[in-house]
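Chemist: Numbering-wise (UniProt numbering), the sequence shown opens with residue 1 and increments by one.
Quick reminder that beta carbons are idealized off the backbone N, C-alpha and C, glycines included.
The structure presented is a predicted model; accordingly, all values stated were derived computationally and were not measured.
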Amino acid sequence: MKKKSLLGRFLVWRLKHVSDRQFISFMAVLIGITSGIAAVIIKNAVHFISELLQNNSSDQYQNILYVIYPTIGITVAVLFIKFVIRRPVRHGIPNVLYSISKTNGQINRHNMFSSIVTSAFTVGFGGSVGLEGPTVATGAALGSNIGRLFHLNYKQITLLLGCACAGAMAAIFKAPIAAIVFAMEVIMLDLTMWSLVPLLLASASAVLTSYFFLGMDVLYPFEVENGFEMRDLPYYILLGVFTGLVATYFTKSYMFIHGVFEKIDNVYKKLLFGALFLGVIIFFFPSLFGEGYHAINACLSGDYSYLYNNSFFYALQDNFWVFVALMAMVIFFKVIAASITFGAGGVGGIFAPTLFMGVNSGVLFAKVVGYFGLRDLPVNNFALIGMAGMIAGVLHAPLTGLFLIADISGGYQLFVPLMITATISYATVKTFEPHSVYTIQLAKRKELMTHDKDKNVLSLMRVTKLIEKNFSTINSEATLGDLVKIIAKAQRNIFIVIDDENNFEGIVKLDDIREIMFQPEKYDSVFVRDLMVVPQVVIQHDESMADVARKYQYSDKFNLVVLKDGKYCGCVSRAQIFSTYRRMLKHFSED
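1. By how many angstroms is the C-alpha of G345 removed from the C-alpha of M1?
2. Measure from the alpha carbon of F283 to the alpha carbon of each residue in V89, G126 and I487, then state which is nearest.
3. Based on the DSSP secondary-structure assignment, which residues constitute the bridge partners of C571?
4. Less than 7 Å separating the beta-carbons of I33 and T209?
5. Using the DSSP secondary-structure output, state which residues sit across from F527 in a beta bridge.
6. Using the three-state DSSP reduction, which class does K251 fall into: helix, strand or coil?
7. For V347, collect the residues of the same chain with a Cβ closer than 7 Å to its Cβ; drop the 5 residues on either side in sequence, then sort them by chain order.
8. Is the CB-CB distance between L161 and F365 below 7 Å?
9. Mark I385 as exposed unless 16 or more other C-beta atoms lie within 10 angstroms of its C-beta, in which case mark it buried.
10. According to the neighbour-count rule (16 or more other Cβ atoms, all chains shown, within 10 Å of its Cβ), is V18 buried or exposed?
11. Near F182, what residues of its chain come up, given a Cβ to Cβ distance below 6 Å and the 5 sequence neighbours on each side ignored?
12. For the beta strand (DSSP E) that V508 lies in, which residues bound it at each end?
13. For S555, tell me which candidate among V537, C569 and D547 has the shortest Cα-Cα distance.
14. With DSSP run on the structure shown, which of helix, strand or coil describes D591?
15. Where do the ends of the alpha helix (DSSP H) carrying F48 lie?
16. For G279, which of helix, strand or coil comes out of DSSP?
17. What would DSSP say about I408, mapped onto helix, strand or coil?
18. Quick check on I74: does DSSP put it in helix, strand or coil?
19. Three or more beta-carbon pairs under 8 Å between the region 243-254 and the region 324-344, yes or no?
20. Q540 bridges to which residues according to DSSP?
21. To the nearest angstrom, how far is it from the Cα of I187 to the Cα of L214?
22. Who are I496's beta bridge partners in DSSP?
23. If you run the structure through DSSP and keep just helix, strand and coil, what is V181?
24. Let me confirm a value: M216 is counted as buried when at least 16 other C-beta atoms fall within 10 Å, else exposed. Which label applies?
25. With DSSP as the reference, label V533 as helix, strand or coil.
26. Give the secondary structure of M1 by DSSP, where H, G and I count as helix, E and B as strand, and everything else as coil.
27. Looking at C-alpha atoms only, which residue of L79, I64 and S525 is the closest neighbour of L271?
28. Considering only the alpha carbon of each residue, which of V416, M357, A383 and F285 lies closest to S311?
29. Would you kindly work out how many angstroms separate the C-alpha atoms of I49 and N297, rounded to a whole number?
30. Helix, strand or coil: which one does DSSP assign to G348?
31. So what's G127 in DSSP terms, helix, strand or just coil?
32. What is the DSSP secondary structure of V218, counted as helix, strand or coil?
33. Run through DSSP, which three-state label would K16 get?
34. Are there three or more Cβ pairs, one per stretch, closer than 8 Å when the region 559-568 is compared with the region 502-517?
35. Among N493, D512, Q553 and D524, which residue has its Cα nearest to the Cα of C571?
36. Assign residue 662 to one of two classes, buried (16 or more other C-beta atoms within 10 Å of its C-beta) or exposed (fewer than that).
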């Protein structure tokens, strides 16, 4: 009780002495630091588990252990979720987008620690996923719950979620510029001065926290030996097309495998099924073990031994076509391994698998072009830029791909080819798939927030919240006289016709019976069923407001009936929708 009293007094003091913008700026720094600490904890936990496993394993049984370890890690994560959390731990970025669209920015408290624990076991034991998603989930949960603690409104909590996501990305990748771009491009925050300053503060404080604990080295050290040449321009364009096609394969494969696991209703069956297939894939392709951080660095430096180590193909590493086939299979199976890790119950992110597929796609493209004598391309440059192309394609975020790869590698000298490949990749994947892996499910349910304020406001409005019930109802078997008695007390000029079980049958409009209602001799001979009309347009109770708005746009109606399984619920008026829309628009219009 004392704590609540202290908090209440603080809130009163804050309202009197600290403006909203000053307070949000302070909260942004706090969230940036906490997001940075979360990233440090996750990174160190995974590093500790990985080192522990490697130091206690024998090279003789390495392949077998590669099969067993991911199963152990995912099993621990599944048991932790089932018996400790007892609630689902959703994937990081989709969970943030869902909370913005559907729950007014509210994220369950357990997400402040559950993603750390489950992802540490999943990735530390070799699950083929990354750490950025859990880091974002943790940071977003911190931002959401801090916002709720201080009774902030939807607009402010959404901004804190963006700050948390930017902070998490800045800390995990040491990429402060890309983190801000990510928050505005993927989390879909508007670029206004109101949002930009807190994002800058959160990103800067998070990356400084990461520097303090993890050092200032870039994530993927890269030295540009060959700059951009105009002769290479067609090949960077083709690389964009290639990575766009690979990104399309990524999205469609991810969703297909997700659908397969969704049909399995038992958590232990998912675990067994997933662990079995994941183990088989890693047994034949050990380079798919874990998030692939070391493999990416090796690939960027021209060392491709990770493809052959502990595999059946070790003796064939001097054969070019074996190299091409192995790299193509690694690209092909990486998304499958990542999707199975998720499907089996593991927790992680898709950034690392995307970067892994991108760097290998870039090398494969450059090597094949060089082999056929078309052009001797700088392979390392194409490896780096391939990552930007994949990020742009898989996330549908070309700016994030551009700045992230430049930030995490120090490769700003290749900014022009990064721009070209990322843009072409994005344009290619949009031809085949309009939504990213983060947004495709929300889009199918029409719950996706976008940069379009009109659509955002409509997505937050619910038909059930707008229903008006002061429309009088009458039975179809009633007489004109009964209807006149109801009209005498009615507040509206439309009367809803229903049967004895509340099934909707039609409406009677006052304008249509104005003449006959003043002829008493017809009161007992004319029935409501003879006077009613069946409207061509009605609304279902679970219909999206975008569809409702479209119905009003193409009709001249001022009121539409709302039904649930054919039964009458009430009506929604054009005026009510407009007034609610104007009120909610303020959430998005403050600057």
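Modeler: So, to answer that:
1. One-based indexing of the sequence shown puts residue 1 at position 1. One-based indexing of the sequence shown puts residue 345 at position 345. Residue placement at M1 is flagged as unreliable, the pLDDT there being 45, under the threshold of 50; the coordinate-derived value follows with that caveat. Taking the straight line from one Cα to the other gives about 39 Å.
2. Along the sequence shown, one-based indexing puts residue 283 at 283. Nearest of V89, G126 and I487 to F283, Cα basis: G126.
3. As a working mapping, residue 571 is identified with position 571 in the sequence shown. E468 and V561.
4. Here residue 33 is taken as the residue at index 33 of the sequence shown, counted from 1. Here residue 209 is taken as the residue at index 209 of the sequence shown, counted from 1. The answer is yes: Cβ separation under 7 Å.
5. On the sequence shown, residue 527 is found 527 positions in, with the first residue counted as 1. Note: F527 sits in a beta bridge opposite T479.
6. Taking the first residue of the sequence shown as 1, we reach residue 251 at position 251. Correcting the residue identity first, residue 251 is Thr in this sequence and not Lys. In this structure, DSSP gives T251 a helical state, which the three-state scheme calls helix.
7. Locating residue 347 in the sequence shown gives position 347, counting from the first residue. Here V347 has A77, V89, S115, T118, S119, T122 and P134 as same chain residues with Cβ atoms under 7 Å from its own Cβ, once five neighbours each way along the sequence are excluded.
8. Locating residue 161 in the sequence shown gives position 161, counting from the first residue. Locating residue 365 in the sequence shown gives position 365, counting from the first residue. Against a cut-off of 7 Å, the Cβ pair of F365 and L161 comes out as no contact.
9. Locating residue 385 in the sequence shown gives position 385, counting from the first residue. When all chains shown are included, I385 counts as buried.
10. In the sequence shown, residue 18 corresponds to position 18, counting from 1. With fewer than 16 other Cβ atoms within 10 Å, it is exposed.
11. The residue you call residue 182 lines up with position 182 of the sequence shown. Same-chain partners within the cutoff: M169 and T400.
12. The count along the sequence shown starts at 1 and reaches residue 508 at position 508. Per DSSP, the continuous beta strand (DSSP E) segment holding V508 begins and ends at F504 to K509.
13. Numbered from its first residue, the sequence shown carries residue 555 at position 555. For S555, the nearest C-alpha among the options comes from V537.
14. Here residue 591 refers to the residue found at position 591 when the sequence shown is read from its first residue. Any reading at D591 must be qualified, since the residue scores a pLDDT of 47, below 50, and its modelled position is unreliable; the value itself is stated next. Judged by DSSP in its simplified three-state form, D591 adopts coil rather than helix or strand.
15. The residue you call residue 48 lines up with position 48 of the sequence shown. It spans D20 to N55 - the alpha helix (DSSP H) in which F48 sits, taken as one unbroken run.
16. Translated into the one-based positions of the sequence shown, residue 279 becomes position 279. Helix at G279.
17. In the sequence shown, counting from the first residue as 1, residue 408 sits at position 408. Helix.
18. Counting from 1 along the sequence shown, the entry for residue 74 is found at position 74. Secondary structure of I74 (DSSP, three-state): helix.
19. Between the region 243-254 and the region 324-344 there are three or more C-beta pairs closer than 8 Å, enough to call the two in contact.
20. Along the sequence shown, one-based indexing puts residue 540 at 540. BP columns for Q540 point to L563.
21. For the purposes of this step, residue 187 is identified with residue 187 of the sequence shown, where counting begins at 1. For the purposes of this step, residue 214 is identified with residue 214 of the sequence shown, where counting begins at 1. Near 26 Å, if we compare the C-alpha coordinates of L214 and I187.
22. On the sequence shown, residue 496 is found 496 positions in, with the first residue counted as 1. I496 pairs with T473 and I507.
23. Walking along the sequence shown from the start, residue 181 turns up at place 181. Correct three-state label for V181: helix.
24. As a first step, residue 216 is located in the sequence shown; it is residue number 216 there, counting from the start. The residue in question, M216, is exposed, as its Cβ has fewer than 16 Cβ neighbours within 10 Å.
25. Position 533 of the sequence shown, counted from the first residue, corresponds to residue 533. The answer is strand: DSSP assigns V533 an E or B state.
26. Taking the first residue of the sequence shown as position 1, residue 1 is located at position 1. Any reading at M1 is ruled out, since the residue's pLDDT is 45, under 50, leaving its predicted position unreliable.
27. Walking along the sequence shown from the start, residue 271 turns up at place 271. Of L79, I64 and S525, the residue nearest in Cα terms is L79.
28. Your numbering for residue 311 matches position 311 in the sequence shown. Considering only alpha carbons, the answer is F285.
29. Indexing the sequence shown from 1 puts residue 49 at position 49. Indexing the sequence shown from 1 puts residue 297 at position 297. If you draw a straight line from the Cα of I49 to the Cα of N297, it is about 20 Å long.
30. In the sequence shown, residue 348 corresponds to position 348, counting from 1. It is coil, neither helix nor strand.
31. Taking the sequence shown and counting its residues from 1, one reaches residue 127 at position 127. The answer is coil: DSSP assigns G127 none of H, G, I, E or B.
32. For the purposes of this step, residue 218 is identified with residue 218 of the sequence shown, where counting begins at 1. Three-state DSSP puts V218 in coil, outside helix and strand.
33. What you label residue 16 is simply residue 16 of the sequence shown in a count that begins at 1. In this structure, DSSP gives K16 a helical state, which the three-state scheme calls helix.
34. Under the 8 Å Cβ criterion, the region 559-568 counts as touching the region 502-517, having at least three qualifying pairs.
35. Along the sequence shown, read from residue 1 onward, the residue named residue 571 stands at position 571. Minimum Cα distance to C571 is reached at N493.
36. Lying outside 1 to 591, the shown extent of the chain, residue 662 is not represented and no answer is given.
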